[in-house]
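A.B. asks:
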Amino acid sequence: YGLAVHYSFYSYVASVVEVSVTDSKVKVHNVFTAIDCGTAVNKNTIEAQMQGSAVFGMSLAFYGKITAKDGAIEQSNYNDYQMTRIPQVPKIHVEIVESTERPTGVGEPGVPVIAPAIVNAIFKATGKRYYNLPLSDYGLV
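Numbering-wise (the working numbering), the sequence shown opens with residue 1210 and increments by one.
Structure, rendered in structure tokens:
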């Protein structure tokens, strides 16, 4: 397991990610995310945002790389920018912290915790630290 926490848009998010590492390949099994975003106006929307944030965060951790050639960006759309695919998506568990504070952000705060939680889980499993992304550069996909 790896843990990371983040604060932005007046929201607190903590994620724990469960991984296994076999033959230098990383598989994410579970993502556990808790968010304190003030009063939960629509819990279903918050849960969906946290799920989407986890998938996008995995994409950034494993594949997030933009390259330039001859002064132009090489990636033009999703056909040449790798994203996490449905078969790679783990079980995502979301806990919404009850609060009477004013509602705060839920769209972005769930993304930044995923990559650090993944690399912390990899460290716990292997004893090896990774300080740069994407992890695909290390052959960990």
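The beta carbon of each residue, even a glycine, is placed where N, CA and C say it ideally should be.
1) Return yes when the Cβ of S1217 is within less than 8 Å of the Cβ of E1317, no when it is not.
2) Shortest alpha-carbon distance to Q1297 belongs to which of D1289, L1342 and V1240?
3) Using 8 Å for Cβ pairs, my map puts V1353 next to I1327. What's the rounded Cβ distance?
4) Look at F1271 and V1320 and say whether their C-beta atoms are less than 8 Å apart.
5) Below 7 Å CB to CB, which residues in the same chain sit around T1313 once its five sequence neighbours on both sides are set aside?
6) Determine the direct distance from the alpha carbon of A1243 to that of F1332, and round the result to whole angstroms.
7) Spatial neighbours of Q1258 within its chain, please: C-beta separation below 8 Å, excluding the five flanking residues on both sides.
C.D. replies: Reading from the atomic positions:
1) yes
2) Comparing Cα positions, the closest option is V1240.
3) There is simply no residue 1353 to check, as the chain begins at 1210 and stops at 1350 in what is shown.
4) no
5) Its chain contains F1218, Y1219, S1220, C1246 and G1247 as the residues whose beta carbon lies nearer than 7 Å to that of T1313, once the 5 sequence neighbours on both sides are disregarded; these appear in chain order.
6) Linking F1332 to A1243 through their CA atoms gives a straight-line distance of about 22 Å.
7) V1315, G1316 and G1319
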